[in-house]
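Enquirer:
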Amino acid sequence: MDDSIKDIHNTLLPDIEEKISTEEKERLKLEYWGRKWNLVVSGVRGTPLAEMPKATDVYVRHFFEKTLEIPKERIEKMLFQAVHRLPGKEGDKEKRKIIVRFNSLIDRDDVLAAGMKLQRGSGYSVVPDVPPSVAKLRFNLLNERLALSSSEQRKVHLKERSREEQELESQLNNLNNNENINDKREEITRIELQLRSLRESRIKGAIMRAKAKWQIEGERSTKYFCNLEKRNYIDKVIQKLTLDNGETITDQAKIRAEQKLYYENLYSSKKTIINNTHRANFFSLENPFIKILSDEQNINLEGELKKLRNS
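Now the structure itself:
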């Protein structure tokens, strides 16, 4: 009797635990899928008393237009299955959260994308509606990720992006191989759009990183070029200078000052050799600073110009 109970315990109990776990996952997956058309909007002011769905609908559409800056024509075409303001705390009844259930996933994704652009600290938020257990798991995962360094966060993000892209490609291949492919056109289009968005985001990231690297590094000088410039600088700089008094200096500032003083003395006039009388007689024949050819020199220089012998 005891052996049979042990056998039942050892054979059936593991299967039961696995089935319970599988059942919980399937239930959670169905609940998550059922909430996929929902968004939770926070920070939209309403009425403190009981609010009718029509009034909540007006507040939500006004928030989409004024805060999320979605075109009015686009908002008027959006269809909501339901708009409901959730119960809140006693002191915050005017800004209770709102659940919006969309008719179209495209509208829902567009609003979510606009909500992601809200500035931190604005008092508003637009997030997906997920089951409480999933929200708790996401919160714990977010805390773990914040504890990681930036490089580790980037690695985790890249792995998740790669995994998501692989899953979408697998779903797309399965749908394309389905016999009833015509019935799956809408889902195929949705997955293709998601794949395109992921790939465009990856390409934009690569372009942005390349531009940032170019701005920071540019055409960086090689070690050979830097050593060459250093050697040329050493060759053209006076390392030490001996003054007239026998003192030797090596300070570059003092050496440059002595160089400047030397050339100033070299090219500066010591005394004025041209006075007012000289300026007045500059073009006259009595100017002592302009030599005049003698008659004999004039005669010798007169004559026909001839070609030089060795030219």
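Note that my numbering numbers the sequence shown so that position 97 is 97, with each residue one more than the last. Glycine included, C-beta positions come from ideal geometry on N, C-alpha and C.
May I ask you to report which of helix, strand or coil DSSP gives P128?
Expert: As a first step, residue 128 must be located in the sequence shown, where it is residue number 128. Three-state result, P128: strand.
Enquirer: Look up N232 in the DSSP assignment and say whether it is helix, strand or coil.
Expert: As a working mapping, residue 232 is identified with position 232 in the sequence shown. If DSSP states are grouped into helix, strand and coil, N232 belongs with the helices.
Enquirer: Is there contact here, the region 97-112 with the region 51-69, by at least three beta-carbon pairs under 8 Å?
Expert: With a cut-off of 8 Å, the region 51-69 and the region 97-112 count as touching, because enough Cβ pairs lie within range.
Enquirer: Determine the DSSP secondary structure at L241, reduced to helix, strand or coil.
Expert: Position 241 of the sequence shown, counted from the first residue, corresponds to residue 241. Strand.
Enquirer: Within a Cβ cutoff of 6 Å, which residues of the same chain sit near H84, ignoring the five residues on either side of it in sequence?
Expert: The residue labelled residue 84 in the question sits at position 84 within the sequence shown. Result list for H84: I99, in chain order.
Enquirer: Following the continuous alpha helix (DSSP H) through N300, name the residue where it begins and the one where it ends.
Expert: Against the sequence shown, residue 300 aligns to sequence position 300. Looking at the DSSP string, the run of the alpha helix (DSSP H) that includes N300 is D295 to L301.
Enquirer: Tell me, please, whether the region 130-144 touches the region 71-86 by the rule of three or more beta-carbon pairs shorter than 8 Å.
Expert: No: fewer than three Cβ pairs fall under 8 Å.
Enquirer: Which residues mark the beginning and the end of the alpha helix (DSSP H) in which F64 is found?
Expert: Taking the sequence shown and counting its residues from 1, the one referred to as residue 64 is at position 64. Here the alpha helix (DSSP H) through F64 covers P53 to K66.
Enquirer: To which residues of the same chain is E51 closer than 7 Å at the C-beta, ignoring the five residues directly before and after it?
Expert: Position 51 of the sequence shown, counting from 1, holds the residue named residue 51. Cβ within range, chain order: R85.
Enquirer: Between the region 183-195 and the region 159-172, are three or more C-beta pairs nearer than 8 Å?
Expert: Touching, per the Cβ criterion.
Enquirer: Pull up the distance between the alpha-carbon of S294 and that of N265, whole angstroms please.
Expert: Here the question's residue 294 lines up with position 294 in the sequence shown. Here the question's residue 265 lines up with position 265 in the sequence shown. Approximately 38 Å between the Cα atoms of the pair.
Enquirer: Judging by CA-CA distance, which residue of L68, R27, G34 and W33 is the nearest neighbour of V44?
Expert: As a working mapping, residue 44 is identified with position 44 in the sequence shown. V44 has its Cα closest to that of L68, out of L68, R27, G34 and W33.
Enquirer: Going by CA-CA distance only, name the one from Q215, N103 and P53 that's closest to K77.
Expert: Along the sequence shown, read from residue 1 onward, the residue named residue 77 stands at position 77. Selected option, being the one with the closest Cα: N103.
Enquirer: Sorted by chain position, which residues of the same chain lie with C-beta nearer than 7 Å to W33's C-beta, five sequence neighbours on each side aside?
Expert: Mapped onto the sequence shown, residue 33 falls at position 33. Once the five neighbours on either side are set aside, W33 has no close Cβ partner at all.
Enquirer: Using 10 angstroms around the beta-carbon of D107, count the other beta-carbons present and answer buried if the total reaches 16, otherwise exposed.
Expert: Here residue 107 is taken as the residue at index 107 of the sequence shown, counted from 1. Looking at its Cβ environment, which holds 16 or more other Cβ atoms inside 10 Å, D107 is buried.
Enquirer: Tell me, which residues are paired with T248 by DSSP?
Expert: On the sequence shown, residue 248 is found 248 positions in, with the first residue counted as 1. DSSP, once it has assigned bridges, lists T242 as partnering T248.
Enquirer: Which stretch, first to last residue, makes up the alpha helix (DSSP H) that contains L105?
Expert: Taking the sequence shown and counting its residues from 1, one reaches residue 105 at position 105. Element bounds for L105: L105 to G115.
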